[in-house]
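Presented below is the structure to which this report refers.
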Amino acid sequence: MNLSTRPLFARVALLGMGLIGSSIARAARVRGGLAGEIVAHAKTGRTLARVAELGIADRIESDATLAVQGADCVILCAPVGAYAELAATIGPHLAPGAILSDVGSTKQSVIRDVGPHVPPGVHFIPAHPLAGTEYSGPDAGFAELFENRWCLLTPPPGTDANCVARLEQFWRGLGSMVSITDPAHHDRVLAIVSHLPHLLAFTICGTADDLADETRQEVLQFAATGFRDFTRIAASDPTMWRDVFLNNREALLEMLARFTEDAQAMARAVRWGDEAYIEDKIRRGRKIRQSLIELKQA
Ligand code: NAP
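Residue 76 is where the sequence shown starts when you use our numbering, and the numbers rise one by one after that.
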């Protein structure tokens, strides 16, 4: 084979074929040059059958140990709570020199759960694409999901620089922008930009649902006034988000405590009619929205 036409990875194994795993498979196919062969594994036969129907992988494997055999890139795409067991299962079957990565929304827990099962000679490089929707499963994925979105890599100190560069090239090939960050920093930032907003959305929907029947009816009828945006986030997958909350517990609780203090301060301003305080908070919210639009992230 001509060197210039050789794909970046000869065989990519995706363990988990939901929104993220199936989007990687689709994007790698559409963009080309990234994976010679895509091997797909998921937990249930139902998902594997659907992946086969969709034709988005070259090979389907119901046994995770067979899925990773001979793969030079293995990416865990399951909910983070499943990682420890999955890593223990595949660890002894990983090919020497392979890159083991993931897409999990938490990073310190992934290093804690997967790290001990990585055999010598395998390069472990955790990753997190900051791209998603509220939908899940293999039908939810699409090839453009990662375009112009950040993918954060958190390689442990001493990781082979060539391997980090190859994984970076893979994500750039899928359309992402790539940045390397520290896992603890990642978890704190994600706690405020993603995990806390999801916690608030699930909570506010619960609060609305607890209201008396008559009021609940009106909540649904007049939802366009702001509640609707929360319901979109709250439609996300329960297993995935349960795992994210439990695996980023400390950072999430810290951000929630800060938020609660700020919400109390806002409540006080409302109670005492502190117009300047209320206006200032709203102005800061508008400024953040404007910055997101300028950065093309909204
Ligand atoms: P998803 O659509 O619910 O898909 C999860 C996939 O993992 C399914 O194919 C499921 O198989 C499989 N799976 C579950 N347990 C497994 C196990 N023990 N072994 C092998 N496969 C298993 O979830 P997703 O949204 O793609 O999320 C996957 C990962 O990406 C999570 O770690 C999440 O934190 C991260 N992430 C999500 C988003 C987002 O917005 N959704 C964004 C960035 C990162 P079955 O279908 O057979 O059960």
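From the three backbone atoms N, C-alpha and C, an ideal C-beta is built for every residue, glycine too.
The C-beta distance from His261 to Thr229 rounds to 6 Å, short enough to meet the 8 Å contact threshold. Straight across, the Cα-Cα distance linking Thr256 with Val264 is about 11 Å. Annotation: the region 228-297 contains the following complete segments of the beta strand (DSSP E) (minimum length 3 residues), in chain order: 252-255. Less than 8 Å divides the Cβ of Arg125 from the Cβ of Pro213. Taken in chain order, the whole beta strand (DSSP E) runs of length 3 or more contained in the region 110-139 are 110-116.
The Cβ atoms of Cys148 and Gly93 do not sit closer than 8 Å to each other. Following the DSSP letters along the chain, one finds Pro313 inside the alpha helix (DSSP H) bounded by residues Pro313 to Asn322. Note that the C-beta distance between Leu227 and Ile99 is not below 8 Å.
Secondary structure note for Leu367: its alpha helix (DSSP H) is the uninterrupted segment Glu350 to Glu369. Taken from the Cβ of Met330, every heavy atom of ligand 1 lies 7 Å or farther away.
Burial is judged here by how many other beta carbons sit within 10 angstroms of a residue's own beta carbon; Arg121 has fewer than 16 and is exposed. Taking 8 Å as the cut-off, the beta carbon of Thr181 is found closer than this to the beta carbon of Val319.
At least one heavy atom of ligand 1 sits closer than 7 Å to the Cβ of Ile95.
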